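Contents: one structure, followed by commentary.
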Amino acid sequence: MMHGLLEIFEQIKQSLLSSQREGIDFMAAIFPTIKAIQAAITLGTGCSLGPEGPSVDIGKSCANGCAEMMENNRERRIALVAAGSAAGIASGFNVAVAGCFFAIETVLRPLRAENSPPFTTAMIILASVISSTVSNVLPGEKAAFIVPTYELKSTAGILPYSDHFLC
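By numbering that gives the first Met the number 0, the letter at position 97 of the sequence shown is numbered 96, and the numbering carries on one by one without gaps.
Next up, the structure:
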């Protein structure tokens, strides 16, 4: 299973083919939940995903699932995936502007400007600002866990870090 930008681009490529199907795709509704569980298991087992990995994947999957259930055209689906990615970055880093630039520079790059729906940029900005606001209001600005400060008790404690000074 691909992750990150490669998965975004693959879903955009497949969106043209899937727009010709009939009926509602129930996997599109379940996929964001699967991605959230997958990220929780990965982080719970001690693996590192970084702050942007799971949030972009979950935001993008939710937007793509909504687009598939509403049977939107390719351009609107790309706009929704871009808005979901912007929301993921904005919530992960708590910066709405970075989410907007990420979505415009990476997700919307294959889409020509004249083919872009007129509300795409507004949708990206709105999703990014709302996501950043919600992630700031709900858990707040406090850290998820407290890392104790390291106190150097003797000079022998510096030896494990001496190779860093040589570089």
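The beta-carbon is built from N, C-alpha and C at its ideal position, and this holds for glycine as well.
Here the structure is a predicted model, which means the values were calculated and not measured.
{"Check": "Helix or strand or just coil, what does DSSP make of residue 93?", "Outcome": "coil"}
{"Check": "Give every residue of the same chain whose Cβ lies closer than 7 Å to the Cβ of residue 121, excluding the five residues on either side of it in the sequence, and list them in chain order.", "Outcome": "none"}
{"Check": "Please classify residue 159: is it buried, with 16 or more other beta-carbons within 10 angstroms of its beta-carbon, or exposed?", "Outcome": "exposed"}
{"Check": "Taking the straight line between their C-alpha atoms, what separation do you get for residue 58 and residue 150?", "Outcome": "40 Å"}
{"Check": "Using beta-carbon positions only, say whether residue 98 and residue 130 come within less than 8 Å of one another.", "Outcome": "yes"}
{"Check": "Would you decide whether residue 101 is buried or exposed? Buried here means 16 or more other CB atoms lie within 10 Å of its CB.", "Outcome": "buried"}
{"Check": "Nearest-angstrom Cα distance between residue 75 and residue 119?", "Outcome": "8 Å"}
{"Check": "My output table needs one value for residue 107: the three-state DSSP class, helix, strand or coil.", "Outcome": "coil"}
{"Check": "Determine whether the beta carbon atoms of residue 55 and residue 77 lie at a separation below 8 Å.", "Outcome": "no"}
{"Check": "Rounded to the nearest angstrom, what separates residue 153 and residue 145 at their Cα positions?", "Outcome": "24 Å"}
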